[in-house]
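Asks:
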Amino acid sequence: MILDEGKTPERRSILAELQATIGGVLRAYSGILFVDHAAIGFMFLCATFWFPNVGLAGLIAAAIGMAVGYVLQLPYAISGVNVYSSLLVGLSLGAFYELDARLIVLIALSAALTVLLAAALRDVLWRLGRLPVLSVPFVIVALTTALAAANYGGLTPYYEPAQLPPALMGDWIDTFLASLGSVFFSPHPIVGVALFLGIALRSRYLAFLCICGYASGQLVFSLLTVNPPPGLLAWTGFNFALTAMAVGGVFVVPSLATFVLALIAAGSSAVVTSALGNALLIYGLPVMASPFLLTTLTFLAALRLRMSAAAPVLLLEQPGLPETNFERARLARRRLGSLASTPLLAPFLGEWQVYQGFDGPHTHQDRWRYALDFHRLEGAVAYSGEGNDLEDYHCFGLPILSPAFGLVVNIQDSLPDNLPGELDLRNNWGNYILVQTDAGSFVLLAHLKKGSVRVHPGERVTPDTIIAKCGNSGRSPQPHVHLQVQRHGNLGGSTMPFHLVSAVTRRDSQSGQYHVVAEVDSGDSVQRAEDDRQLSSALHLPVGRTLRYRVTDAKGDTQDSMLRVIVTLFGQFRLVGETGASAAFEHRNGTLAFYDRQGPADQLLDLWLLALGLSPLSNQALVWLDEPSVRLMPLGRVTRFLLSCLHPLGMGIQSRYERQWLSADKCWKQNGTHTIEILRHAHSASTVAVFDPDTGCRELSMQYHDRHWRAALLAIGQSGDRGVRAWEQEVPVMGSDQGRLIGN
Amino acid sequence: MTDQSDPEAQAGKLKPWIKPSIVMHRSGLVNKFGAVRRDRWQTDIEEVPIGELVHDFGSPLFVISESKLRDNLHRLMRAFTARYPSVRYAWSYKTNYLGAVCNTFHQEGAWAEVVSAFEYEKARALGVPGEQILFNGPHKPRAILERAIKEDAHIHIDHLDELYLIETIAKETGKVVDVTIRLNFETGYTENWGRFGFNVESGQAIDAAWRIARSEQLRLTGLHSHIGTFVLDQRAYGAQARIMCAFLQEAEDKTGCEIETLDFGGGFASHNALQGIYLPPEQVVPSFDQYAEAICTPLIEATYERSARGRPLPILILETGRAVVDDAESLVTTVVANKRLPDGRRCVVADAGVNTLFTAFWYNHQVLPTRELIGTPEETVIYGPLCMNIDVVRSSILLAPLKAGDTLVISPVGAYNNTQWLQFIEYRPNVVMVHPGKEVSLVRSAEKLDSITAHEHLPKHLSSPVKSK
């Protein structure tokens, strides 16, 4: 989006460019320990100057690496991702040789080589198996340089103090901290303290993994070695810690399973360390980070091929801090069901009944246990008249819709429909459509009506595409539609769990209930929650929209604050507050859902997210549940601290929403009650959002204990663009009694 | 409800005495649709004995089944919602505007479709909010239009004069009014009801759309058409869907409006036998599924691309009244007298005639006795109580002899009778509703002298039947 003052971000100033470059270098420092943050990178940079020779060599290598990437216009040149290996090479050279003109030549060449290798390997490993490049280029180039340096008599060896300094905090801790310092070739406990603090500042869980990983590797080492060579742990122990951090935190959704896995990986890396140590000793080479790389990449590459979607869950495509990974997964699980199960929409219009559920008695067994059959009953009977003709059956010939976004892989459309009671066992699935969903799994819809399939292989389908009609072909004694999810694209392959989302379900004669995630079984009635046009337009947030609110906080102070809608380069809509805090949102499939809250505290944004975080846009949705992040609760500092100790990975609020249409005021009122339990003590807040089709969300309020927050919409606007003038329009105050609140 | 007589059960009984009569031999008693249904009778309505109903509420008596009303609407909606994602139903008040009937449908989510100031006021009085009222019809006086605009009702414009009037009112009140225009066109299957709305073929309709597009006070958001009544050929609706979608496209392309609703009106046939139609209703009346298929298939085809482009699908509105209400109501009437007509035919006089059962003018209703009739069925004429020659309930029906005091059940009578009935010669009778659980309540009480004279005003010199001197 372009701002209305006429600023155009076409050409960045040199100053901004320089700022970004420095930021990139700093982030390279922090990235080595998985905590991507410029300020912490600066802290690490300072720490490397504990041994100035090392620190300076590293900085030179980083600067050269950055310059090479920039001059050659390699991808992500400024972000620093290709640079941290160069930095490590520089640090390693600085740890072995005195910094002089000759060494600078060597540093420059190897730093350049490392950047190139990093760019190349990043691409290769990604294609190979979505694997991260980590510091592989560093180890390759550092080992190469070390081998080559044997020939270069011109270099002056540099000796870091070989002995550990006097004990600071006890042997074990000192060794641990020194080994952490070894990551930056500065094996000193003080350096270790700085690095550990940096990690802990960003992620307590990562710091915890760091200690546990080290302990696990050290335990294996002590068990198997009677007398570990002095200083060996201090130089190589970081491998265990890094392995645990990668396998247990950065590339996975943290869970008990990934924690155990991290400990096993760290232990294994200890064995690898010994083995590589012996192998490289022949050439007089140190192991550096190779045990960490070998172990981590082996674990990740193998786990990627698992046949189950249950924990441990890998996040190779979107690694992050464990807290972020956990929060994303937690919210996704609450809203879209278990990560091991594929979310689908019901593949039909109107209300149908489940004829056979998972593990059904007829055919949903063994490899095909995860399947649902649907048909339509009226008064417990599937047909009218005699039921001798297919046309007598209520569901026969009804439209079938795609249950997900995806690509049609295969179809069959020519098999005849059986007479009621007959089966075609030669063609079990009858006429079918196989769709590969955007999430990668395959959806099979079977027993379709002959000649009714209206899509072709290669065609893109969306959940509102009518793709066929319900029929009675294949192994189908009465008209119905069969739905299953498979891992592979072969017809009738092994099935995987799936579930329906955004559905209204009904059991027996109860009235229908809206579910974000619906679990259905034989006999249940199911229908899609239909998108309501008015609701949808009331909560529509087009790009560039600005919403100015008057916010009254708990103390009674008022101030105006703005929310605006942006779209990111990668096509993600975000609602941004004045503090720069933002949250991504999706408005589709009948739901408005906010997620991925980032940035500092923002009263208005957090109020909005708590009151409207998950809003189904169906009139049938009267009550629903959600679990937004506990960050959104207006808790006191003490409670917040207590919570971060009890639930270091974060937790969800138990939120229950209900919505009603107030016909007198012509608006919807969405109430939320939000409860969390800390040490058996329940804290609860309530929110109200009032919105209407003309003005959108015109009022938000929250009550927590006796404190009260309120935001009233003052104006709606639109940011300008080149050639488009920005505008803002005041929102008329509703009714004559200005002070009246619908929210109360 | 109905029963077959069991000859074996009769075997041991004494043969009842039958009054002898001479009946001409003829070969019309068996036809190609099967034997004469001489031995059917109905003893109860929704398990409430008819004798009990007549005892408590008198005769004639209209009896409505609440569960049948709900069930019919469910079936209609199920048929359509399984074929189109966005369906709205509006209860056609003119079909039956008894408050209990209307509210039963409103409770099931139905909006109100009204065609006059009276019906509008009735819907509002029942508690239907303005924004859930569709206001149809060729006569909407200014006062009621003002109210409808104020209350955000959905106005369906019938003619240009109405369009101008709405525009004037909107201008005066400073409102932008969302309007729907009614269309008429040739479907090829029905007679064009050209007197309502704007004609598509002549270009009148697109002119109206243009006129609305140019108005600052009006916004065209809906199209409406009602192709006829008791339409037995569902293909007519397929044609209607195609024509309306083509017009929707044209109007949107040419005038830049965005159509949100497509109102298909009503006209679905009920299971009643129209006079002059040879085949019985079971064979000629399409099912809800058939109507739905006929409408939704071309509708989906025509709007398919629209949904792919991310534009919302128009909401399909149904106003079908007759097919939903007709078979939920019966009329119980009592035989007053038996007669033999000069031409030899037998006739009975019942206490309900065309005054009560207005639809007898065009239907051959099903008439069932409430006990097993003994004797030979004979061609019979059923007359009503009016001293008018046209008061014929059934001009020819095969019935065994009836006694004065016998009751008959006439059905289906749910559509148009409680709205078109006449206060002519007789009082209009009680209407009761049978609720689930066999509970019965009176939903409209029989008229008394006061009901009719309450609105009369006698000038002073006419206040007495005796001329004052």
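These protein sequences, in sequence, are chains A and B.
Residue numbering for the first sequence follows our numbering, starting at 1 and increasing by one per position.
Residue numbering for the second sequence follows our numbering, starting at 1001 and increasing by one per position.
We put the CB at the ideal spot given by N, CA and C, even for glycine.
Quick caveat, the model's predicted, so the values are computed rather than measured.
1) For D606/A, name the three-state secondary structure that DSSP assigns.
2) If you count every other CB in all the chains shown that lies within 10 Å of the CB of F1135/B, and 16 or more means buried, which is it?
3) State the beta-bridge partners of G213/A as determined by DSSP.
4) Leaving aside the five residues before and after E386/A along the sequence, list all residues of the same chain whose C-beta is less than 7 Å from its C-beta, in chain order.
5) I need the straight-line Cα distance from I361/A to Q660/A, nearest angstrom please.
6) Buried or exposed: which applies to T687/A, given that a residue is buried once 16 or more other Cβ atoms fall within 10 Å of its Cβ?
7) Using the Cβ count rule (16 or more neighbours within 10 Å means buried), how would you classify K1460/B?
8) Which term fits S1463/B, buried or exposed, when burial requires 16 or more other beta carbons within 10 angstroms of its beta carbon?
9) Would you say I1382/B lies against chain A (beta-carbon separation less than 8 Å)?
10) Per DSSP, E586/A forms a beta bridge with which residues?
11) If we count the other Cβ atoms within 10 Å of its Cβ and call it buried at 16 or more, is V724/A buried or exposed?
12) Would you mind giving the Cβ-Cβ distance between A1471/B and V1392/B, rounded to the nearest angstrom? I have them listed as a contact below 8 Å.
13) So, are the CB atoms of T296/A and T363/A less than 8 Å apart?
14) Which runs of the alpha helix (DSSP H) spanning at least 4 residues fall entirely within the stretch 296–341 of chain A, listed in chain order?
15) Do we get a CB-CB distance below 8 Å when we pair E1359/B with the residues of chain A?
16) Nearest-angstrom Cα distance between L280/A and R680/A?
17) Report, in whole angstroms, the separation of the C-beta atoms of A1404/B and A1337/B, which I expect to be a contact under 8 Å.
18) T505/A bridges to which residues according to DSSP?
19) Please work out which residues of its chain come closer than 8 Å, Cβ to Cβ, to S179/A, disregarding the five sequence neighbours upstream and downstream, and give them in chain order.
20) So that I know if they touch, is there some Cβ in chain A lying closer than 8 Å to that of E1260/B?
21) Verify the CB distance criterion: does D553/A have a CB-CB separation below 8 Å to chain B?
22) Closer than 9 Å, Cβ to Cβ, to anything on chain A: give me those residues from the stretch 1293–1313 of chain B, in chain order.
23) Could you work out which residue in W1193/B, L1223/B, A1208/B, A1294/B is closest to D1233/B when comparing CA atoms only?
24) What is the residue span of the beta strand (DSSP E) that K669/A lies within?
25) Given N619/A, which residues of its chain have a CB within under 6 Å of its CB, disregarding the five upstream and five downstream residues?
26) In chain order, what residues of the stretch 528–549 of chain A put their CB closer than 7 Å to some CB of chain B?
27) Which of the residues in the stretch 326–360 of chain A, read from start to end, lie with their CB under 9 Å from any CB of chain B?
28) Residues of chain B with CB under 7 Å from I466/A, in chain order?
29) Just to confirm, does R330/A get its C-beta within under 7 Å of one of the non-hydrogen atoms of the ligand GTP?
30) Label S1396/B either buried or exposed according to how many other C-beta atoms from any shown protein chain fall within 10 Å of its C-beta, with 16 as the threshold for buried.
31) Step through the CB atoms of chain A and report whether any lies within less than 8 Å of the CB of T1180/B.
32) Is it right to say S13/A is buried, meaning 16 or more other beta carbons lie within 10 angstroms of its own, or is it exposed?
33) Between V1325/B and T1095/B, what straight-line distance do the alpha-carbon atoms span, to the nearest angstrom?
34) Name the residues in the stretch 1436–1453 of chain B whose C-beta lies less than 8 Å from a C-beta of chain A; which are they?
35) Should L445/A and G489/A be called a contact, given that it needs their Cβ atoms to be closer than 8 Å?
36) Can you list, in chain order, the residues of its chain with a C-beta nearer than 6 Å to that of L612/A? Leave out the 5 residues immediately preceding and following it.
Replies: So, to answer that:
1) Numbered from its first residue, the first sequence carries residue 606/A at position 606. D606/A falls in the helix class under three-state DSSP.
2) Looking up residue 1135/B in the second sequence gives position 135. Burial call: buried.
3) As a first step, residue 213/A must be located in the first sequence, where it is residue number 213. DSSP output for G213/A lists no bridge partner at all.
4) What you label residue 386/A is simply residue 386 of the first sequence in a count that begins at 1. Cβ within range, chain order: D392.
5) Here residue 361/A corresponds to residue number 361 of the first sequence, with the count starting at 1. Here residue 660/A corresponds to residue number 660 of the first sequence, with the count starting at 1. Checking the sequence, you will find Pro at residue 361/A rather than Ile. Roughly 41 Å separates the two Cα atoms.
6) Taking the first sequence and counting its residues from 1, one reaches residue 687/A at position 687. By the 10 Å Cβ count, T687/A comes out buried.
7) Here the question's residue 1460/B lines up with position 460 in the second sequence. Result: exposed.
8) Here the question's residue 1463/B lines up with position 463 in the second sequence. So S1463/B counts as exposed.
9) Counted from its first residue, the second sequence places residue 1382/B at position 382. Chain A, which has no Cβ nearer than 8 Å to the Cβ of I1382/B, makes this no.
10) Within the first sequence, residue 586/A is the residue found at index 586, counting from 1. Answer is A593/A, bridged to E586/A.
11) What you label residue 724/A is simply residue 724 of the first sequence in a count that begins at 1. Exposed: under 16 other Cβ atoms inside 10 Å.
12) Past the edges of chain B, shown from 1001 to 1469, lies residue 1471/B, and the structure says nothing about it.
13) As a position in the first sequence, residue 296/A is number 296, starting the count at 1. As a position in the first sequence, residue 363/A is number 363, starting the count at 1. Going by C-beta atoms, T296/A is not nearer than 8 Å to T363/A.
14) 322–336
15) Numbered from 1 along the second sequence, position 359 holds the residue referred to as residue 1359/B. Just to set this straight, residue 1359/B is Thr in the shown sequence, not Glu. Output row for T1359/B: interface = no.
16) Position 280 of the first sequence, counted from the start, is the residue given in the question as residue 280/A. Position 680 of the first sequence, counted from the start, is the residue given in the question as residue 680/A. Between L280/A and R680/A, the C-alpha separation is close to 56 Å.
17) On the second sequence, residue 1404/B is found 404 positions in, with the first residue counted as 1. On the second sequence, residue 1337/B is found 337 positions in, with the first residue counted as 1. Contact flag correct, Cβ pair sits at about 6 Å.
18) Looking up residue 505/A in the first sequence gives position 505. T505/A pairs with Q513/A, V526/A.
19) Against the first sequence, residue 179/A aligns to sequence position 179. So the qualifying residues of the chain are P187, G192, Y214, L233, A234, W235, T236, G237, F238, A241.
20) As a first step, residue 1260/B is located in the second sequence; it is residue number 260 there, counting from the start. Yes, contact with chain A.
21) In the first sequence, residue 553/A corresponds to position 553, counting from 1. Answer no: the Cβ-Cβ gap between D553/A and chain B never drops below 8 Å.
22) E1293, C1296, T1297, I1300, Y1304, S1307, A1308, P1312, L1313
23) If you number the second sequence from 1, residue 1233/B lands on position 233. Selected option, being the one with the closest Cα: A1294/B.
24) In the first sequence, residue 669/A corresponds to position 669, counting from 1. First-last of the beta strand (DSSP E) with K669/A: 667–678.
25) Within the first sequence, residue 619/A is the residue found at index 619, counting from 1. Once the five neighbours on either side are set aside, the close Cβ partners of N619/A are D532.
26) E530, R533
27) F348, L349, G350, E351, W352
28) For the purposes of this step, residue 466/A is taken as residue 466 along the first sequence, with counting starting at 1. The contacting residues are I1300.
29) This structure does not include the ligand GTP; it has no bound ligands of any sort.
30) Along the second sequence, one-based indexing puts residue 1396/B at 396. Exposed.
31) Position 180 of the second sequence, counted from the first residue, corresponds to residue 1180/B. So, not an interface residue.
32) What you label residue 13/A is simply residue 13 of the first sequence in a count that begins at 1. Answer is exposed; the Cβ neighbour count stays below 16.
33) Within the second sequence, residue 1325/B is the residue found at index 325, counting from 1. Within the second sequence, residue 1095/B is the residue found at index 95, counting from 1. The alpha-carbon atoms of V1325/B and T1095/B are separated by roughly 8 Å.
34) none
35) Along the first sequence, read from residue 1 onward, the residue named residue 445/A stands at position 445. Along the first sequence, read from residue 1 onward, the residue named residue 489/A stands at position 489. Going by C-beta atoms, L445/A is not nearer than 8 Å to G489/A.
36) By 1-based counting over the first sequence, the position of residue 612/A is 612. Closer than 6 Å at the Cβ level, and outside the excluded window around L612/A, lie A689.
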